[in-house]
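A.B. asks: Mind having a look at this structure? Questions to follow.
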Amino acid sequence: MTTAAQTSETIAREVARRRTFAIISHPDAGKTTLTEKTLLYAGAIELAGAVRGKKAQRHAVSDWMEIERERGISITSAALEFDLFDHRVTLLDTPGHRDFSEDTYRTLLAVDSVVMVIDAAKGIESQTRKLFEVARQRRLPMLTFVNKLDLPARDPLELLDEIESVLGVAAVPMNWPIGTGDRFRGVYDLRRQTVLFYERSGGARRAPVAVTSPNDPDLAELIGEERRAELLEGVSLLETAGTRFDLDAYRAGRQTAVFFGSALSNFGLESFLEALVELAPPPQPRESEDDIIDPAAPDFSGFIFKIQANMNPRHRDRVAFLRVCSGVLTKDMLVTNARHNEPVRLSRPSRFFGRDRETVETAYPGDVVGLVNPGRFAIGDTLYAGTRVKYPRIPHFPAEFFGAVRLRDVKFKQFDEGIRQLEEEGLMQVVFPIYGKREPILGVVGALQFDIVEARMKNEYGVTCQVDKLPHIAARWIDDDRGASLKLPQGVLETVDRDDRRVLLFQSDWEMQYTQRENPSLKLLAVA
Ligand SMILES: Nc1nc2c(ncn2[C@@H]2O[C@H](COP(=O)(O)OP(=O)(O)OP(=O)(O)O)[C@@H](O)[C@H]2O)c(=O)[nH]1
Ligand SMILES: [Mg+2]
55 MTTAAQTSET
65 IAREVARRRT
75 FAIISHPDAG
85 KTTLTEKTLL
95 YAGAIELAGA
105 VRGKKAQRHA
115 VSDWMEIERE
125 RGISITSAAL
135 EFDLFDHRVT
145 LLDTPGHRDF
155 SEDTYRTLLA
165 VDSVVMVIDA
175 AKGIESQTRK
185 LFEVARQRRL
195 PMLTFVNKLD
205 LPARDPLELL
215 DEIESVLGVA
225 AVPMNWPIGT
235 GDRFRGVYDL
245 RRQTVLFYER
255 SGGARRAPVA
265 VTSPNDPDLA
275 ELIGEERRAE
285 LLEGVSLLET
295 AGTRFDLDAY
305 RAGRQTAVFF
315 GSALSNFGLE
325 SFLEALVELA
335 PPPQPRESED
345 DIIDPAAPDF
355 SGFIFKIQAN
365 MNPRHRDRVA
375 FLRVCSGVLT
385 KDMLVTNARH
395 NEPVRLSRPS
405 RFFGRDRETV
415 ETAYPGDVVG
425 LVNPGRFAIG
435 DTLYAGTRVK
445 YPRIPHFPAE
455 FFGAVRLRDV
465 KFKQFDEGIR
475 QLEEEGLMQV
485 VFPIYGKREP
495 ILGVVGALQF
505 DIVEARMKNE
515 YGVTCQVDKL
525 PHIAARWIDD
535 DRGASLKLPQ
545 GVLETVDRDD
555 RRVLLFQSDW
565 EMQYTQRENP
575 SLKLLAVA
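Residue numbers for the sequence shown follow my numbering, beginning at 55 and rising by one.
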């Protein structure tokens, strides 16, 4: 066999065993907890950490940033790569809060499927609905994990109905809860037709589980006669009335397979994780600007979907996260950045596990690889070897909140560096007023980002600064150099971005419409 044939066979084999997915939901549904428990079951960690814990307690691997640990919420997506049932899994834990949704959207571009987490007491919440829509537009297959069954929960049938009516997707249960709240004792695996009965444990280690058949005479003793009767009734109802799982319908996004459980108490994770590797698709072909690229194509290609500064407090470097889309990436490989056609050597590609990383020799489609970014990569950049490929650019969300950031000490150099690096991450957009003091003005999608900028400037750059909110609500780039001759209402702030393109900040839609009316030939662009 020729080397080329061997290579293509290796790529095809590696692609087939890869699963790259994101966990999405409304804040607090339990994404990070489910991520942590997945790592525990995969044997990637020995003891699960907590999202919000006492000082001495272990923290969740994917909430590695200092403010995430302080606040007990996820702020930025974290990539984790590990092996699960002979598969190579790349999991991206995303933040649920609306103010961080741009990061979540970018992450959804880098995956082949998603896991949607639902709080069993709350059902479909607003942010879950929005993220679901994005996933649907991208035609990503979705598995659903209904979480927190150890707390008082809504009726499982009602939850399935809500998924169907609110999201417009058929919901097919793959397991069925046995009791909820204090009475939650396990799940019935509908595919294997086995009862998984749990002993409550601390939650940090895998829960001991006994497996039995629903016809086992001892079942009544294990879960009580009442719950046994409930279970048998529920299951017979599903068998007659329920939709059957259909792999093609799931892969096409018309069906979601639903699992019930509790991430915190480790109930119902086994069947969920087995199904995940079995049902979720391997890396899929991807549209480039003028072609469709097959993952098993021999030439390497990939794109950068995320940049993160200061992951390692000792090295203070910036990491560009690349999703490999085709071919093989090898250490020290020479590739081209399609944005400016410049060659780049991939001297130290690494795989990630939350904050931790290790250098990799090779990476295959589906893998997320970190590249140390000496300012050469931007979000959306395509890297390729061989035949030229360019993946579509990743647009910025239009900012809706603006604030002037003021340095409160004298560390000018660190201040400039910090603001520039956080801008490069896509955390915010930065413009500078044309008239008056050249203090940076930040534009963000959600106001909570201002707190994050202040906290990260302090933690990561040692700089005290303060963001003062401005009344503006929208920024528009203008393709015009008439300068002062533009007729602008008084509240409009004239600024420039880092590339010296002119940007107008408006305080209201009315101001924007007025400006357009008074300057009919002016083009107001929502993105740079
Ligand atoms: N009782 C119970 N609590 C849970 C369960 N899963 C998660 N929690 C708790 O719910 C809270 C939120 O959990 P997270 O895992 O941080 O939720 P998240 O979806 O990652 O939240 P964001 O990333 O901030 O959007 C934490 O206090 C968890 O301990 C569960 O199965 N049962
Ligand atoms: Mg989280």
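For glycine and all other residues, C-beta sits at the position ideal for the given N, C-alpha and C.
I'd like to know whether the C-beta of residue 279 is nearer than 8 Å to at least one C-beta of chain E.
C.D. replies: Although the question refers to chain E, the structure presented lacks it and comprises just one protein chain.
A.B. asks: Compute the beta-carbon to beta-carbon distance between residue 435 and residue 313, rounded to the nearest angstrom, for a pair I have assumed lies under 8 Å.
C.D. replies: Actually they do not touch by this definition, with Cβ atoms about 37 Å apart.
A.B. asks: Do you know how far the Cα of residue 241 is from the Cα of residue 278?
C.D. replies: 14 Å
A.B. asks: Here's the rule I'm using: 16 or more other beta-carbon atoms within 10 Å means buried, otherwise exposed. How should residue 583 be labelled?
C.D. replies: Since the first residue of the chain shown is 55 and the last is 582, residue 583 is not available in this structure.
A.B. asks: Between residue 292 and the rest of its own chain, which residues show a CB-CB distance below 8 Å, the 5 nearest in sequence each way excluded?
C.D. replies: 227, 230 and 244
A.B. asks: Assign residue 581 to one of two classes, buried (16 or more other C-beta atoms within 10 Å of its C-beta) or exposed (fewer than that).
C.D. replies: exposed
A.B. asks: Please confirm if the region 494 to 514 is in contact with the region 141 to 149, defined as three or more CB-CB distances below 8 Å between the two stretches.
C.D. replies: no
A.B. asks: Rounded C-beta distance between residue 195 and residue 305? I'm assuming under 8 Å.
C.D. replies: 5 Å
A.B. asks: Go through the residues and name those whose CB comes closer than 5 Å to any heavy atom of ligand 2, in chain order.
C.D. replies: 85, 86 and 128
A.B. asks: Please list the terminal residues of the continuous beta strand (DSSP E) segment that includes residue 132.
C.D. replies: 132 to 138
A.B. asks: Taking buried to mean at least 16 other C-beta atoms within 10 Å of its own C-beta, is residue 556 buried or exposed?
C.D. replies: buried
A.B. asks: Since residue 180 contacts residue 113 with CB under 8 Å, what's their CB separation in whole angstroms?
C.D. replies: Their Cβ separation, rounded to whole angstroms, is 28 Å, which puts residue 180 and residue 113 out of contact at 8 Å.
A.B. asks: Indicate whether residue 178 and residue 214 have their beta-carbon atoms separated by less than 8 Å.
C.D. replies: Cβ distance not < 8 Å, so residue 178 and residue 214 don't count as in contact.
A.B. asks: Between the Cα of residue 72 and the Cα atoms of 153, 566, 137 and 396, which residue gives the shortest distance?
C.D. replies: 137
A.B. asks: Would you mind reading off the limits of the beta strand (DSSP E) that contains residue 445?
C.D. replies: It is not in any beta strand (DSSP E) - residue 445 carries neither H nor E in the DSSP assignment.
A.B. asks: Kindly examine ligand 1 and report whether one of its heavy atoms sits closer than 7 Å to the Cβ of residue 337.
C.D. replies: no
A.B. asks: Which ranges does the beta strand (DSSP E) cover as unbroken runs of at least 3 residues, wholly within the region 339 to 371, from first to last along the chain?
C.D. replies: 355 to 363
A.B. asks: Considering only residues of the same chain and omitting the five flanking positions on each side of residue 361, which have a CB-CB separation below 8 Å?
C.D. replies: The answer, listed in chain order, is 372, 373, 374, 375, 427, 431, 432, 433, 478, 479 and 480.
A.B. asks: Look at the alpha carbon of residue 55 and the alpha carbon of residue 400, and state the distance between them as a whole number of angstroms.
C.D. replies: Residue placement at residue 55 cannot be trusted, given a pLDDT of 49 that sits under 50; what the coordinates show is reported in the next sentence. So the two alpha carbons sit approximately 29 Å from each other.
A.B. asks: Counting C-beta neighbours from all protein chains within 10 Å, is the total for residue 102 16 or more, i.e. buried, or is it exposed?
C.D. replies: buried
A.B. asks: Grab me the residues of residue 99's own chain with a C-beta within less than 6 Å of its C-beta, minus the 5 sequence neighbours each way, in chain order.
C.D. replies: 93
A.B. asks: Ligand 1 and residue 311: does the residue's C-beta get closer than 7 Å to at least one heavy atom of that ligand?
C.D. replies: No; taking the cut-off as 7 Å, the Cβ of residue 311 has no heavy atom of ligand 1 nearer than that.
A.B. asks: Got a sec: does ligand 1 put a non-hydrogen atom nearer than 7 Å to the Cβ of residue 149?
C.D. replies: Within the cutoff, so yes.
A.B. asks: For residue 81, verify whether its CB is less than 7 Å away from any heavy atom of ligand 1.
C.D. replies: yes
A.B. asks: CA-CA distance, residue 465 and residue 513?
C.D. replies: 14 Å
A.B. asks: How would you label residue 153, buried or exposed, when you count the other beta carbons within 10 angstroms and need 16 or more for buried?
C.D. replies: It is buried - the Cβ of residue 153 has at least 16 other Cβ atoms within 10 Å.
A.B. asks: My parser needs the alpha helix (DSSP H) runs of 4 or more residues fully inside the region 440 to 497; what are they?
C.D. replies: 466 to 478
A.B. asks: Please confirm whether any heavy atom of ligand 1 lies closer than 7 Å to the CB of residue 316.
C.D. replies: Checking every heavy atom of ligand 1 against the Cβ of residue 316, one is found closer than 7 Å.
A.B. asks: Determine the extent of the alpha helix (DSSP H) in which residue 510 is found, giving its start and end residues.
C.D. replies: 502 to 515
A.B. asks: At a threshold of 7 Å, does residue 201 count as lining ligand 1 (C-beta to nearest heavy atom)?
C.D. replies: yes
A.B. asks: Classify residue 99 as helix, strand or coil using the three-state DSSP reduction.
C.D. replies: The answer is coil: DSSP assigns residue 99 none of H, G, I, E or B.
A.B. asks: Can you find the residues in the same chain that come closer than 8 Å, C-beta to C-beta, to residue 450, ignoring five residues on each side of it along the sequence?
C.D. replies: 156, 480, 483, 581 and 582
A.B. asks: Quick check on residue 227: does DSSP put it in helix, strand or coil?
C.D. replies: strand
A.B. asks: So what does residue 375 bridge to, in DSSP terms?
C.D. replies: 360 and 424
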